[in-house]
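Chemist: The numbers in my numbering rise by one with no breaks, and the one at position 219 of the sequence shown is 217.
Can you read through this structure? Questions will come right after.
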Amino acid sequence: MTIRHILMSTAATMIAVPALANCPVATVADPMGVEPAFPQQLELAELQSTASCTLEFSENPAIAELNGKILGNADLAVVADRLPAEPLVVMPYESIGQYGGAITGISKATESGTSDLLSVRHVNFVRYADDLQTVVPNVAKAWDWNEDKTVLTITLREGHKWSDGEPFTAEDVAFWYNDLLLNTDILEKTPDRWLFAGEPIKVEAVDDVTVRMTFPVPTPGILNRFAVDYGQPFQPKHFLGQFMPKYNENADALAQEYGFANGAEAVDFYYGGSDWKDVPSPLLKDADKAAAIGRAVVPTLESHIVVEETSEGRKLVANPYFHQVDTAGNQLPYINEIVESYVSDKEVQNLKVMNGEVVWKQQAIFLEDFPLLKENEAKGGYTIQFAPTLGENVFFSFNRTHNDEVLREIFNDVRFNRAMSLAMNRDEINEIVYLGQGTPMQGVPAEPKTVSFISDDVLTKDIAYDVEGAKALLAEMGLSDSDGDGTLERPDGKPLVIRLVYSSQGVPVKMMELVRDYWTAVGVRVDLKEVTSDEYRASGNNNDLDLTTWKYDGNAGPTISQDTTVFVPPFGDFFNPGTGAKWATWKQTDGAEGVEPPADIQKLWELSERFIQAEFGSDTSNEIGAEIVKIHTDNMLKIGTVGDIVAPFLWRNDLQNVKPIKSKTYDFYWTYPYRPSQWWLEQ
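Okay, here's the thing in structure tokens:
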């Protein structure tokens, strides 16, 4: 064949194949004919094949400068080499964004009120779409179940990288479970929520992009956990593994070079012994040591990574290896930085909002503050709106395993708990605290709006305001005021005094003052004390509180479908402790320690295991759920107040591509369903 023939043949081939066009710059407002398989997002191959186009990638002009602030990161390759081979393509709500700016926000402290902004940068295998019904891909590209829901196969994105540019693979998922959660050198005990029927998962890296999870029992709701959970089921093996003798024979020696006793101590320095991302960072523990190691924080897959942190706040910059792009091929996130200030005083928080210093806020804004913030809306250049809530019913849960055996006996008498419930004027609480926007409601371990096994009679049990009825129940218990000072005496003759310790992150202050007055009026003296959330949690988890009080986090359908935490002792987690800590210890030690719970409380463990093994919403699931709720309300484990409330959230007016949230709730992980990586700031 002559050169002329070759050229003619090549030309003919080129003419025969039409050139691929630019991809449609689709948004949710104008999808331009794009119909994705999952709401508001596409896989790259899906977009290019359906639109017959090639997506070219672009980067933030400031990304090299931002990368320079990430301790230990090398110079950047071109954006196409930093993205996965299969990036997730995000359809912005309204418009393609502009790069730049900072999300400025406020939290109370390092581990107090931070989950709001944490959810802005958060990633997991999957998430809920903003309909709060559809589970969609994120870090995971796809997943598949076997027939009986005991084997879950997850497909990751080829070429995905950690924030330091190292490959993210299935090995990082297996490492998280096998080498961290199951490793007694790292964690004293595997968290109960990551055991199923008391047994661990088998987590295997089949190849670089394929993870196989084999559960000991059917676990159909586990994808819901990945969609709403703050914990991330992956950790960087390449970084943390260097401090483990299993992967590096010189691990302990390496750790000792940096001043640690051994490798396990070095792992704890970065991992923090928790899958909660906002434990104190290495920058707070020992910034000089982190600098010597060459990593300020553990590498991440999130949209932003911490580069500075002090006791006053922290700064994060955009992750140069983030796995998402918009429909124009721009790597996300658009916004350069997150600047989070720690402000514990509520009045100072409100001033910052009114001065226009807060770009986004939904956590720990209370209805009682709405009139003030609404009045200053135009001046502050922000928008404040109401959203429905889930899990906002504030509960009071008396300590059933109190160290004081006299109080323990009183608190375990259901008549006492019924009396405290009847003594509360929920209509007044609703008017004063919630501006009349809620519904008086008893406490139940499942959010009524998300399940179908809670009846109205359960929600209204002992919620009528009845001071005389409360006094009668207390008298029936044998509690009396022999000296006429207005305070009942305990069986040992001491005055019946309750320490009501609370954190304003979890409950409205005004409600605590009202409840103090209600209970004092029936002869139970209340000493009221506000503490930080850190102090509250420490005391609650140490069994040192007379009662716990917080919002009902963790009881919405997607959560309870796969996590029995609110069903069984201690009826809460570290961040929202419940009651009966020593009941839980009894279970965990097979009766060797702790306090043996009553038979019906013991039954909750078996019922809860059966509940999460059933398909959520099925007849079987609903029957078991109703039985669990009955045990809770018969024992009045948590006394509820007002539910079905609305709550405020706000954003500054220069924040674009914001969609008003469908529900203000921790149970869908705050902002995570609303795709904050596609937010941008009008310059």
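Glycine is no exception: its CB is placed at the ideal position from the N, C-alpha and C atoms.
Just to confirm before moving on: does the CB-CB distance between Asn620 and Asp598 stay below 9 Å?
Modeler: no
Chemist: What are the boundary residues of the alpha helix (DSSP H) that Lys235 is part of?
Modeler: Lys235 to Leu238
Chemist: Identify the continuous alpha helix (DSSP H) that holds Ala78 and give its terminal residues.
Modeler: Val77 to Arg80
Chemist: Tell me whether Arg673 is buried or exposed, calling it buried when 16 or more other Cβ atoms sit within 10 Å of its Cβ.
Modeler: Arg673 is buried by the Cβ-count criterion.
Chemist: Straight-line CA distance for Met12 to Ser56?
Modeler: Note on Met12: pLDDT 33, under 50, position unreliable in the model; no value is reported.
Chemist: What residue from Thr167, Phe194, Asp28 and Gly99 has the CA that sits closest to Glu604's CA?
Modeler: From the listed residues Thr167, Phe194, Asp28 and Gly99, the smallest Cα separation to Glu604 is found for Phe194.
Chemist: Can you check whether the CB of Glu426 is closer than 9 Å to the CB of Leu365?
Modeler: no
Chemist: Is Tyr667 near Val226, with beta carbons less than 9 Å apart?
Modeler: Against a cut-off of 9 Å, the Cβ pair of Val226 and Tyr667 comes out as a contact.
Chemist: Taking DSSP as the reference, what is the three-state secondary structure of Asp328?
Modeler: Note on residue identity: the sequence assigns Asn, not Asp, to residue 328. Here Asn328 sits in strand by DSSP.
Chemist: Going by other Cβ atoms of all chains shown within 10 Å of its Cβ, with 16 needed for buried, is Asp483 buried or exposed?
Modeler: exposed
Chemist: Secondary structure at Asp343, three-state DSSP: helix, strand or coil?
Modeler: coil
Chemist: Measure the C-alpha to C-alpha separation of Thr669 and Leu130 and round it to an integer number of angstroms.
Modeler: 11 Å
Chemist: For the ligand SAH, is there any heavy atom lying closer than 8 Å to the beta carbon of Leu53?
Modeler: In the structure on display, the ligand SAH does not appear, and there are no ligands present to speak of.
Chemist: Please list, in chain order, all residues of the same chain as Ile408 whose beta carbon is under 6 Å from its beta carbon, the five residues on each side excluded.
Modeler: Phe414
Chemist: Whether or not the stretch 323 to 336 and the stretch 91 to 111 are in contact is what I'm after, with contact meaning three or more pairs of Cβ atoms, one per stretch, closer than 8 Å; do they touch?
Modeler: As far as the Cβ criterion goes, the stretch 91 to 111 touches the stretch 323 to 336, which means the pair count is three or higher.
Chemist: Which whole-angstrom value describes the C-beta separation of Thr102 and Val520, a residue pair presumed to lie in contact below a C-beta threshold of 8 Å?
Modeler: The pair is not a contact, with the Cβ atoms about 46 Å apart (cut-off 8 Å).
Chemist: In whole angstroms, what is the alpha-carbon distance linking Ile184 and Ala262?
Modeler: Cα to Cα, Ile184 sits roughly 6 Å from Ala262.
Chemist: What three-state label does DSSP hand Tyr667 in the structure shown?
Modeler: coil
Chemist: Check whether the Cβ atoms of Glu45 and Val32 sit closer than 9 Å, and answer yes or no.
Modeler: The residue asked about is misnamed: residue 45 is Leu in this sequence, not Glu. Yes.
Chemist: Could you tell me which of Tyr91, Asn397 and Trp649 sits nearest to Leu371, measuring between CA atoms?
Modeler: Trp649
Chemist: Give me the Cα-Cα distance between Ser110 and Asn574, rounded to the nearest whole angstrom.
Modeler: 12 Å
Chemist: What is the rounded straight-line gap between the Cα of Thr437 and the Cα of Glu625?
Modeler: Taking the straight line from one Cα to the other gives about 24 Å.
Chemist: Got a sec, what are the start and stop residues for the alpha helix (DSSP H) Glu528 sits in?
Modeler: Counted as a single uninterrupted DSSP element, the stretch harbouring Glu528 is not any alpha helix (DSSP H) but the beta strand (DSSP E) occupying residues Arg523 to Glu528.
Chemist: For Glu41 versus Gly157, is the C-beta spacing smaller than 9 Å?
Modeler: With a cutoff of 9 Å on beta-carbon distance, Glu41 and Gly157 are scored as not near each other.
Chemist: Mind checking Ala19: buried by the 16 CB within 10 Å criterion, or exposed?
Modeler: exposed
Chemist: Mind checking which residues open and close the alpha helix (DSSP H) that includes His630?
Modeler: Unbroken alpha helix (DSSP H) run through His630: Asp617 to Asn633.
Chemist: Below 8 Å, how does it come out for the stretch 132 to 151 and the stretch 24 to 39: are there three or more Cβ pairs, yes or no?
Modeler: Because the criterion of three Cβ pairs below 8 Å is met, the stretch 132 to 151 and the stretch 24 to 39 touch.
Chemist: Excluding sequence positions up to five away, which residues of its chain have a Cβ less than 7 Å from the Cβ of Pro198?
Modeler: The answer, listed in chain order, is Leu180 and Thr188.
Chemist: Please confirm if the stretch 438 to 455 is in contact with the stretch 487 to 494, defined as three or more CB-CB distances below 8 Å between the two stretches.
Modeler: Because the criterion of three Cβ pairs below 8 Å is not met, the stretch 438 to 455 and the stretch 487 to 494 do not touch.
Chemist: Need the endpoints of the alpha helix (DSSP H) that Leu115 sits in, please.
Modeler: Ser113 to Arg119
Chemist: Tell me the DSSP secondary structure of Lys549 in three-state form.
Modeler: strand
Chemist: Who are the near neighbours of Asp460 in its chain, counting only those whose CB is closer than 8 Å to its CB and skipping five residues on each side?
Modeler: If we look at Asp460 and ignore the five residues flanking it on each side, its Cβ neighbours are Arg416, Ser419, Leu420, Gln440 and Met634.
Chemist: What residues in its chain sit with their C-beta under 6 Å from that of Asn690, if we drop five residues either side in the sequence?
Modeler: Coverage of the chain is limited to positions -1 through 681, which leaves residue 690 absent and any answer about it impossible.
Chemist: What do you reckon, are the CB atoms on Ser161 and Ile303 nearer than 9 Å?
Modeler: Against a cut-off of 9 Å, the Cβ pair of Ile303 and Ser161 comes out as a contact.
Chemist: Ser606 to Lys469, Cα distance in whole Å?
Modeler: Cα-Cα distance, rounded: 35 Å.
Chemist: Would you kindly work out how many angstroms separate the C-alpha atoms of Gln233 and Gly270, rounded to a whole number?
Modeler: 12 Å
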